[in-house]
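Remarks on the structure that follows.
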Amino acid sequence: YLEMKIALFPEFGSLNSQPVFAALIKHLQSKGEKIMINSYDNTCDVAVIWSVLWQGRMAGNKKVWDDFRSQGKPVVVLEVGGLLRNTTWKMGINGINRDADFANQTYDDKRWPLFKLELKPWQKTGNIIVICGQHHTSEQWKEMPTPKKWCEQKIKEIRKYCDKPIVIRPHPRNTFDFDQSKFPHVRVNIPKKDYSTYDDTDFKKVLRSTWAVVNHSSNPAIESVLNGIPVFVSESSLCYDVGNHTLADIAQPAQPNRVGWANQLAYTEWTTEEIGMGLPWKRIRERLLEKYIK
243 YLEMKIALFP EFGSLNSQPV FAALIKHLQS KGEKIMINSY DNTCDVAVIW
293 SVLWQGRMAG NKKVWDDFRS QGKPVVVLEV GGLLRNTTWK MGINGINRDA
343 DFANQTYDDK RWPLFKLELK PWQKTGNIIV ICGQHHTSEQ WKEMPTPKKW
393 CEQKIKEIRK YCDKPIVIRP HPRNTFDFDQ SKFPHVRVNI PKKDYSTYDD
443 TDFKKVLRST WAVVNHSSNP AIESVLNGIP VFVSESSLCY DVGNHTLADI
493 AQPAQPNRVG WANQLAYTEW TTEEIGMGLP WKRIRERLLE KYIK
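Residue numbers for the sequence shown follow the numbering used here, so the first one is 243 and each next one is one higher.
Given below as structure tokens:
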């Protein structure tokens, strides 16, 4: 049982992260792991932070990320799940979404049914194309244009192949002014909160009339694929393997089989109880020792 020293940073986690950190710390302590909380030194092998969004409560994570990554040391990132939001949580190495290593190289079909989510048949009935924005202060958006500029680029690209109405949905906490008069048949739809959590939006309602969703790498793509709406995404998206990669296909999007994808995706998210039992950490730990910790 090779030892490692783990630095965890609940101090820089969002409010909803606290039970997740508590469950993980309790598990690590039960296994006698060496841990440091809200501090680190050169003997630490790995850091555990919340999200790669460097702002607000989480701004302090940027220094931790930079310090560990510049030394070639891994950073485990905890964050909100995309399958059962605020019920399941992601745990990945060195990033989020498809940029992360979730230690889910081995998977089976046992876990997906626990989420009680339906893979709805692929739809061909919607008429609008929805462009979903993201938060520009996230590490996920590094070296990208401003969200507004990115949306304009996507509109111009779509218009080469398709004249369906376009709806722009900025990230609920990263909205921007957009001159709709510059582009015919394009409108901005600001997400409305409709549940008690601070992040949920009325996206499901929008999907009912959607032909395809364009998204860089965030959770709306997952929701779209589950609802049978084709997606156009980047390589950083967890939907890349069941998505479309060029807007030249917008008039006839691919609709691949999603079963294997769903089974593997199920091993990216865990309940607080499972985290407390050490189920994801067992996988992550083995993967860290196998590939990331020298």
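Just so you know, even glycine gets a beta-carbon here, dropped at the ideal spot from N, CA and C.
Per the coordinates, the alpha-carbon of residue 420 lies some 7 Å from the alpha-carbon of residue 390. Residue 317 and residue 307 do touch by the CB rule: their CB atoms are close to 6 Å apart, below 8 Å.
Pairing residue 371 with residue 424 gives a Cβ-Cβ distance that is not under 7 Å. Per DSSP, reduced to three states, the secondary structure at residue 339 is helical. Annotation for residue 489: no beta strand (DSSP E) segment contains it, and DSSP assigns it neither H nor E. Residue 464 is not a Cβ neighbour of residue 345, given a cutoff of 7 Å.
A direct Cα-Cα distance of roughly 43 Å separates residue 359 from residue 283. C-alpha of residue 496 to C-alpha of residue 480: approximately 16 Å in a straight line.
Restricting attention to 340, 493, 286 and 292, the CA atom closest to the CA of residue 258 is found in 292. DSSP places residue 467 inside the alpha helix (DSSP H), whose first and last residues are 462-468.
By the criterion of a C-beta distance shorter than 6 Å, residue 254 is surrounded in its chain by 300, 302 and 303, once the five residues flanking it on both sides are discounted. The criterion of a C-beta distance shorter than 7 Å is not satisfied by residue 310 and residue 280. Taking C-beta atoms under 8 Å as the contact rule, residue 462 and residue 374 qualify, at a distance of about 4 Å. The closest CA to that of residue 277, considering only 248, 512 and 244, is found on 248. Distance from residue 326 to residue 357 at the Cβ level is roughly 6 Å; contact confirmed, criterion being Cβ atoms closer than 8 Å. By the Cβ-count criterion, residue 341 is buried, with 16 or more other Cβ atoms from all chains shown falling within 10 Å of its own Cβ. When the beta-carbon positions are compared, residue 368 and residue 452 come within less than 7 Å of each other. DSSP places residue 453 inside the beta strand (DSSP E), whose first and last residues are 452-457.
Residue 512 is bridged by DSSP to 331. When the beta-carbon positions are compared, residue 332 and residue 510 come within less than 7 Å of each other.
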